[in-house]
Amino acid sequence: MFATAVIVFREVLEAAIVVGLVLAASQGLRRRGLWIGSGIAVGLGGSVMVAAFAGGIAAAAQGMGQELFNASVLFAAVGMLAWHNIWMARHGAALAKNINAVGRDVVAGLRPQYLLASVVGLAVLREGSEVVLFLYGIAIAQQDQASALWAGALLGLAVGAGSGYLLYLGLLRFAARYLFSVTGWLIALLAAGMAAQAAGFLVQADLLPTLRDPLWDTSGLLSQQSVLGNLLSVLIGYLDRPAGIQVLLYAITLTTILVLSQIYRPNRKRSTRVVSKLAGAANSE
0 MFATAVIVFR EVLEAAIVVG LVLAASQGLR RRGLWIGSGI AVGLGGSVMV
50 AAFAGGIAAA AQGMGQELFN ASVLFAAVGM LAWHNIWMAR HGAALAKNIN
100 AVGRDVVAGL RPQYLLASVV GLAVLREGSE VVLFLYGIAI AQQDQASALW
150 AGALLGLAVG AGSGYLLYLG LLRFAARYLF SVTGWLIALL AAGMAAQAAG
200 FLVQADLLPT LRDPLWDTSG LLSQQSVLGN LLSVLIGYLD RPAGIQVLLY
250 AITLTTILVL SQIYRPNRKR STRVVSKLAG AANSE
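Numbering (numbering that gives the first Met the number 0), first residue to last: 0 to 284.
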């Protein structure tokens with residue numbers, strides 16, 4: 000549930016930031032609410048279609064190389080999570096600048112109003128599609144029940160949307176940087192945990208060597224089935240009896256994400272520009 004809430008919170012917050020930027024940049028434009036609302040609706044509809052498509056693939060794979068399918072979904076989720084952290088570290092400020100430019104051009108009559116719907120719709124579709132993939136990965140890695148996934152998703156949706164609105168009002172101008180930093184670390188740890196789980200499925204399918212199994216056994220000290228062990232499993236990918244290959248892939252994944260995020264991250268002043276632009280524009284209304 001916690002992992003689901005973190006993922007959905009981060010994605011909803013990013014979509015809310017895009018919506019807020021478009022609202023701030025298009026202030027004074029007649030019917031902007033209609034165009035932006037239409038974009039949100041189209042993006043949500045596309046995300047539902049992606050979810051239905053993914054569900055059909057999962058149903059078709061039942062009983063046919065299930066371990067390989069599970070590992071493929073997890074590795075795809077790991078790749079998307081890694082790309083997400085690295086891309087946002089590099090391009091967050093430029094994204095805010097481009098969205099503001101589109102909004103100003105629409106207000107000035109230099110671009111058609113439907114571009115507002117296009118920008119918002121694509122943002123919502125992108126974040127919604129990522130949520131679908133990530134939730135499939137979490138469901139496979141953590142074996143969460145549907146009720147727990149839904150509870151986490153609804154919690155993340157509510158907190159993400161609320162944080163986005165407060166950010167738009169300028170109330171989270173300084174706190175947002177820390178929100179993204181904390182969730183970035185959590186997402187990196189979730190991705191590493193998913194990579195370890197994927198390695199476990201490939202070991203079960205005899206497609207990867209174990210490199211010693213188990214590498215250690217801490218089940219007597221902290222069982223993965225206990226409340227604390229389960230929480231750590233969700234937060235940092237804790238395994239009480241991991242194979243060596245799982246530990247290796249965990250370390251490689253986490254190190255790669257953190258190193259590349261730092262390499263491609265602009266300086267701190269530029270990295271907070273997306274927050275400053277949004278809050279400043281909202282306060283000027």
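Built from N, CA and C at the ideal position, the CB exists for glycine as well.
With a CB to CB cut of under 6 angstroms and the five nearest residues on each side skipped, what residues in its chain are close to residue i?
i, result
"Arg9", "Thr182"
So what does DSSP say about residue i, is it helix, strand or coil?
i, result
"Gly192", "helix"
"Arg125", "helix"
"Arg31", "helix"
"Arg305", "With the chain running from 0 to 284 in the structure shown, residue 305 is simply not present."
"Trp149", "helix"
"Ala204", "coil"
"Arg211", "coil"
"Thr252", "helix"
"Ala138", "helix"
"Ser232", "helix"
"Gly359", "An answer regarding residue 359 cannot be provided, because it is not within the stretch 0 to 284 covered by the chain."
Output needed for residue i: all residues of its chain with C-beta closer than 7 angstroms, excluding positions within five of it in sequence on either side, in chain order.
i, result
"Arg332", "Absent from the structure is residue 332, since the part of the chain shown begins at 0 and ends at 284."
Mind reading off the beta-carbon distance from residue i to residue j? Whole number of angstroms is fine, and I expect it under 8 angstroms.
i, j, result
"Gln223", "Leu210", "Their Cβ separation, rounded to whole angstroms, is 20 angstroms, which puts Gln223 and Leu210 out of contact at 8 angstroms."
"Glu66", "Ala204", "4 angstroms"
"Ala116", "Ile35", "7 angstroms"
"Ile244", "Ala81", "In fact, because the Cβ distance is near 19 angstroms, the residues do not count as touching under 8 angstroms."
"Val41", "Gly120", "4 angstroms"
"Leu134", "Leu148", "6 angstroms"
"Leu253", "Leu206", "At roughly 22 angstroms, the Cβ-Cβ gap does not stay under 8 angstroms, so Leu253 and Leu206 are not in contact."
"Gly192", "Ile235", "7 angstroms"
"Ile39", "Gly163", "Not really, about 12 angstroms apart at Cβ, beyond 8 angstroms."
"Ala248", "Ala195", "Note on residue identity: the sequence assigns Leu, not Ala, to residue 248. Leu248 to Ala195, Cβ: 6 angstroms. Contact."
"Val49", "Val131", "5 angstroms"
"Gly136", "Leu73", "5 angstroms"
At least one CB of chain D closer than 8 angstroms to the CB of residue i: is that the case?
i, result
"Val72", "Note that chain D does not occur in the displayed structure, where there is just one protein chain."
Grab me the residues of residue i's own chain with a C-beta within less than 8 angstroms of its C-beta, minus the 5 sequence neighbours each way, in chain order.
i, result
"Ile85", "Ile256, Leu259, Ser260 and Tyr263"
Given the structure, does residue i come close to the ligand MG, in the sense that its CB is under 7 angstroms from one of the ligand's heavy atoms?
i, result
"Gly236", "For the ligand MG, the structure offers nothing, since it holds no ligand at all."
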